[in-house]
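Visitor:
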Amino acid sequence: SSLISTTSPDSTSVISPSATVTVLASSSVQIVYAPAPQVTSVKFSETAAKILIQFNVEVQFVSAEETCDEFFIPAALTTLGSYPQCRLSHTQELQIIPGVGANISVGDLLEFKAGVFKARNEEYGKFLNGSFAVNLPDVPLKPVPVIKGPNVLSSCGNLSLSGTQSFGSGGRPLIIKWSLISPNSGSDFIAITNILSNLSSQDDRVKIPGSLFEANKTYLFKLEVANFLNTSRFEETSHSVIKVSDPVPELTLSSSIDLSEGEVFVSEDFHIRTTVTVAPCANDTRVDFSWAVTCSDASAKKRVEFSAAFNATRYQSTLKITKGLLTGEVDCTFTVTVRMKYNPSVKTSMSQVIKALPSPLEAAILGGDRLIGRNSGSIKLDAKTLTIDPDRTKHELSCSWSCAVQSGGLCNSTVNNELIFSAVYGCIIAVQSNHFFAGKTYIISVNVTKGFRSAAASIKLTVVEGNPPAVWVNAAHIRMNSNDRLKLQGYYKTNTEPAKVEWSSSQEQGFSFVELSGYNPATSFNPGNDSFVLLTLPVNLLKPDSKYRFKLTVNDGSEEGVASLTVEVRKGPTARPSAGLSVSPSSVQALDVVTLSAPGWETDLDAFPLRYSFGLLVEKDVCETFGIPSSDSEREQMVPQGSGPDYILPLCVVVLDKFDSFKIATFNITSSPPSSDVLTPNALERLLQNAVDDPLQSGDVDAALGAIMSIVGTVQQSNNTEDEVRNNISRRTEEIVFDILESTVIDQDIAFPLLSVLVKTNVTASDNSSRTANAAVIILQGLDDKPLPDDLAGNFYSWIADLADDSIDNNDGLKETVGDALEKFADNIGTDLQCGDPPREVSDDRLGSVKVQVAGLKGEIVSSSKPGAPRFDPGPQLTKEYSGLRKCGEGKICCGVFLKMVRYKKDLIVADKSKQRDDSQVVSSQIIGVDLRDPITKTPIVIQSLTHPLKLVFIILSVPKDKKLGCVYFDEDKKVWVKTGLKAIGLVSSEFTCESTHATYFAPSHDSVVTKEQSSTDLTRGIVGLVMGFLMGIVAVLLVLLFIWWKRKQKVTTELPQLDHRL
């Protein structure tokens, strides 16, 4: 470090040889400059997409901005391409992401500017200078060639082969070679080889006329690829094609996994998608699909064949296999056969071998790295609770523990000098803290075994004297996507409320830093019991490809307890700066076709293959995709009309990796209005037939979706379209959506573009409103846990409000379906909400509102931001139980509840009128549903038999004459509105309150009320009735007495003759 020393003439100073001494003129002050930082390593990253420069000490830069222009001389900048990015990933590492056109390679020099980098926190320090050669990664990146194309070529088709799914390029174009291996002679060989030899080294697609191939002959093609790290080292793969004499369909397979390897973990979902190219000489484009499976183990085959997923998709273009269906270490071959409908004997089959691998165990020790005291007592070590077996096998979990001192040496006990873990067994153990030495850090490791699989985990225990507060976290290490939100969950146990509870980011060597002082954690203190701390960080706060250490500190006023965890942020999909998407041509008319291309993307080595979804940018960071994610980085797409005076159309691509980490790239084009002759009914029908119907008939749902999205959007937007044309297109679009729903299993990938298409229709023109509403319900179910963005959510709610017009009042079936859609919609938009997030609300004055939030139940919560909306008061009992932090589903910390409030302006609840026992009239414009759920699992929280009721407060401005206000709730079992268990509190300043001991759908009701005149008449009638009843009672008594007297008299006269006879 630098220092300033004051010396006398008789003193002697000893200075480090690497430091510099400056003696001031007075000769009484010496300034010692810290040595300049040294570069210890310059190399490409493991994916070759970055250059990593490491220093021997922590560094800082003195330039105004963190840019490559500030760090390197101009000559070095020219090798880094356009708009390169430079940043300190942590204080001892500089990362460089080369830009478009970068040509820096192994052995090239990078020269720093003088006066920029020096040792961190040194006021007087020497600056780094000099140039340094760039080296290979520790493990050189190996390119992987992948060929996609048909194995069978029809009698009249042309061959297309694609190498676009090859990877390992390092973010730059691969060097590509195509060749024909077999046959290696003849006229066909010469003609095909001539085409291949004229391709450039960057041509990743091949198109060869079918006329060059001979019938019933097999051709073997080879693809070789190399990357810029070693331009002469090629990796190769091959692909065979046979030409047949029939016009058979040509098949290409793609998947969510890498089909070139064909490996998948048992715990992973996957699909195999068939793309069909119908022969141009075929009589029809309609085809049928059929999948079959064979496995090396008979029971494994039966497990797949009898599964719901296989049977639901075996006759579709895309076969879906859910996690857990395959058997580890067993190979299964999936074969698709595609038949032409006009002649089923004209068919093609294609197979794919899938190797099922047992999923790795994910070991973890509960508690994380933490501080303990020698007087802390029993220290629990739990390797069972957080260890995950993705395959959920039935084998028992076993654990073996070990210990090492971080500074070196064995873990001998301070009590008996024996090894602390020499006789410890089980996955949950306890060790007394007094066995450890204060001032040492111990690395506690566990090896977890289940069957033949094993995994390891470790934590650090730092030991001090005394008994600091017990503080712990969940796992010591987390790996996450940069798109995800990090939830820092911590625990502590103290008898007194702490003076300090704080999450912070540690500024340690090798770790990135983020300032957390602006984020306030939620805490819940429970004296003497487990207390909770939760801090949810915003999305994109953490940098991709970085590592952080987060520390939880708890100070009880006398001592301080600490626990920490390491968070590793995945790199995720990455493209060169200012690159990522290109579109050609860039100026078109609406309904023209453009080519979108997303070359050069990279990701973590374990996160391939990449998938691409192209679409329209509808709001910031929201890409409305044309179709289903595909492994193809290029797409031909019909585009809609642009907007604004220049008709700008912002196109986008979402690039996803295996772990669903994603990035979005954009590209603007000009898409002017179409000519009027394109929008005539006949022209539109031809367009629909060619661009939508034909692909659907051949099983290409993806192409059909993209085309209809652009067509319906353009027609509805155009000023040159008549209303009848718009309505016809809407009805036609609905029929296409219905066809897709009937022929395809709806999941997240297809649900989003399908809903985007549906909400572009004019639903008031629908021929079957109930069927349309049911389609919406099915699509919303397919969205699962992927929430709608704000734009699409608002469009859907307006669309469903159009659907629920006045005609719904007399259509109970439509009411129920619309109500079901709104419930699923409300569930969806709240999927990603975390504690402390603002509520999500969508409303329409014609239909009502939906509001969802995750929050503690504290005081009244308004059901909508609209004026006059009902309010929900949870009451003291629910507030006490759900106001703060607690353990929720899956043992995680959560805050409050997931609260869903659905308010209807129309009565969408269908009651069984035959069971209704009173004449109460529900105020349909004030119906509100209150639903409380676990914030983690979203399972309903049953609210019933409350000692202290909850309250619903309604704003009532007027009450009809001869009516009074009451409270009703909807009994789901009986399907009737009832009053049982509700208490109405009269109208006060336009506020009417209903108290309830349970949660459901509530509403105020208009009940019959008795007038004064009616009361007087009823009283008179009552008195008359009472008198008449009294008189009739007296008459009845007299008649009974008379009857008894008469019976007795009859008895005497009857017995006398009998006496005479006996005498």
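Count along the sequence shown from 1, then add 7; that gives the number in my numbering. Using N, Cα and C, we set each Cβ at its ideal position, and we do this for glycine too.
1) Could you give the distance in angstroms between the alpha-carbon of Cys974 and the alpha-carbon of His1013?
2) If you check the beta carbons only, do Gly988 and Ser1003 fall under 9 Å apart?
3) When the Cα of Val757 is compared with those of Cys901, Asp709 and Ala371, which residue comes out closest?
4) Using the Cα positions of Glu129 and Gln45, report the straight-line distance between them to the nearest angstrom.
5) Excluding sequence positions up to five away, which residues of its chain have a Cβ less than 6 Å from the Cβ of Pro702?
6) At the level of alpha carbons, what is the spacing between Cys842 and Val859?
7) Hey, which unbroken runs of the beta strand (DSSP E) at 3 residues or more fall wholly within the region 649-726?
8) Helix, strand or coil for Pro874 per DSSP?
9) Helix or strand or just coil, what does DSSP make of Arg212?
10) Val294 bridges to which residues according to DSSP?
11) Determine whether the beta carbon atoms of Ala862 and Leu906 lie at a separation below 9 Å.
12) Based on Cα-Cα distance, which residue from Leu598, Val251, Ile197 and Tyr449 lies nearest to Thr469?
13) Could you check if Asn689 is buried or exposed, using at least 16 other CB atoms within 10 Å of its CB as the buried criterion?
14) Whole beta strand (DSSP E) runs in the region 424-465 with 3 or more residues, listed along the chain?
15) Tell me which residues share the same chain as Gln516 and place their Cβ nearer than 8 Å to its Cβ, disregarding the 5 neighbours each side in the sequence.
16) For Lys387, which residues in the same chain have their Cβ closer than 6 Å to its Cβ, ignoring the five residues on either side in sequence?
17) At which residue ranges does the region 275-328 contain complete alpha helix (DSSP H) runs of 4 or more residues, listed in the order of the chain?
18) Kindly provide the ranges of any beta strand (DSSP E) runs that are 3 or more residues long and lie completely inside the region 569-593, ordered along the chain.
19) How is Trp806 classed by DSSP in three states: helix, strand or coil?
20) DSSP state of Glu1149, grouped into three classes?
21) How many Å lie between Gly720 and Lys767 at the Cα?
22) Buried or exposed for Leu187, going by 16 or more other Cβ atoms inside 10 Å?
23) Whole angstroms are fine: how far does the CA of Ala390 sit from the CA of His484?
24) Relative to the alpha-carbon of Thr954, which residue among Ile943, Glu888 and Leu790 has its alpha-carbon at the smallest distance?
25) Can you give the Cα-Cα distance for Ser927 and Leu748, rounded to whole angstroms?
26) Kindly confirm or deny that the region 579-595 and the region 635-643 touch, where touching means at least three C-beta pairs closer than 8 Å.
27) Can you tell me the Cα-Cα spacing of Gly649 and Leu326, whole angstroms?
28) Could you tell me the alpha carbon to alpha carbon distance between Gln148 and Pro845, rounded to whole angstroms?
29) Would you call the region 600-618 and the region 162-175 touching, i.e. three or more CB-CB distances under 8 Å?
30) Using a Cβ-based criterion (distance less than 8 Å to any ligand heavy atom), does Ala800 qualify as near the ligand MG?
31) By how many angstroms is the C-alpha of Lys120 removed from the C-alpha of Glu77?
32) So that I know if they touch, is there some Cβ in chain B lying closer than 9 Å to that of Pro144?
33) Look at the alpha carbon of Asp537 and the alpha carbon of Asp396, and state the distance between them as a whole number of angstroms.
34) Alpha carbon to alpha carbon, how far is Ala808 from Leu787? Give it in angstroms, no decimals.
35) Whose CA, out of Pro180, Ile962, Thr610 and Lys971, lies closest to the CA of Thr54?
36) What does a CB cutoff of less than 8 Å around Cys75 pick up in its chain, not counting 5 residues either side in sequence?
Guide: Taking the definition as stated:
1) Spanning the two alpha carbons is a distance of roughly 9 Å.
2) Taking 9 Å as the Cβ cut-off, Gly988 and Ser1003 qualify as a contacting pair.
3) According to the sequence shown, residue 757 is Ile rather than Val. When only C-alpha atoms are compared, the closest one is Asp709.
4) When rounded, the separation of the alpha-carbon atoms in Glu129 and Gln45 is 15 Å.
5) If the five residues before and after Pro702 are omitted, its C-beta is found closer than 6 Å to the C-beta atoms of Ala710 and Ala711, all from its own chain and listed in chain order.
6) C-alpha separation (whole angstroms): 12 Å.
7) Residue ranges of uninterrupted beta strand (DSSP E) with 3 or more members, entirely inside the region 649-726 and ordered along the chain, are 655-663 and 669-679.
8) DSSP places Pro874 in coil when its eight states are reduced to three.
9) In this structure, Arg212 counts as strand in the three-state DSSP scheme.
10) DSSP links Val294 through a beta bridge to Met347.
11) Taking 9 Å as the Cβ cut-off, Ala862 and Leu906 qualify as a contacting pair.
12) A check of alpha carbon separations from Thr469 across Leu598, Val251, Ile197 and Tyr449 identifies Tyr449 as the nearest.
13) A residue is called buried when at least 16 other Cβ atoms come within 10 angstroms of its Cβ; Asn689 does not meet this threshold and is exposed.
14) The region 424-465 contains these whole beta strand (DSSP E) runs: 435-439 and 448-457.
15) Here the set comprises Glu65, His97, Thr98 and Gln99.
16) For Lys387, where only same-chain residues beyond five positions count, the Cβ hits under 6 Å are Ala437.
17) Runs of alpha helix (DSSP H) with 4 or more residues, each lying fully within the region 275-328, are found at 305-312 and 315-320, listed in chain order.
18) The region 569-593 contains these whole beta strand (DSSP E) runs: 589-591.
19) Shown here, Trp806 sits in a helix according to DSSP, grouped into three states.
20) What the structure shows of the chain is the stretch from 8 to 1070, and residue 1149 is not part of that stretch, so it cannot be assessed.
21) Approximately 6 Å, taken between the alpha carbons.
22) Around the beta carbon of Leu187, 16 or more other beta carbons sit within 10 angstroms, so the residue counts as buried.
23) The C-alpha of His484 lies about 13 Å from the C-alpha of Ala390.
24) Checking every option, the nearest Cα to that of Thr954 belongs to Glu888.
25) Pairing Ser927 with Leu748, the inter-Cα distance amounts to about 41 Å.
26) No: the two stretches stay apart, fewer than three of their Cβ pairs being nearer than 8 Å.
27) One Cα belongs to Gly649, the other to Leu326, and the distance between them is close to 36 Å.
28) Position check: residue 148 holds Leu in this sequence, whereas Gln was assumed. Approximately 44 Å, taken between the alpha carbons.
29) Taking 8 Å as the limit for Cβ pairs, the verdict is that the region 162-175 does touch the region 600-618.
30) Of the ligands one can find in the structure shown there are none, so the ligand MG has no counterpart to examine.
31) Each residue's alpha carbon lies about 8 Å from the other.
32) Going by chain labels, chain B is absent from the structure shown, which holds only one protein chain.
33) So the two alpha carbons sit approximately 27 Å from each other.
34) Cα atoms of Leu787 and Ala808: separation of roughly 16 Å, rounded to the nearest angstrom.
35) Check the Cα spacing between Thr54 and each of Pro180, Ile962, Thr610 and Lys971: the tightest is with Thr610.
36) Within the same chain, Cys75 has close Cβ partners Leu84, Leu87, Pro91, Gln92, Cys93 and Ile103.
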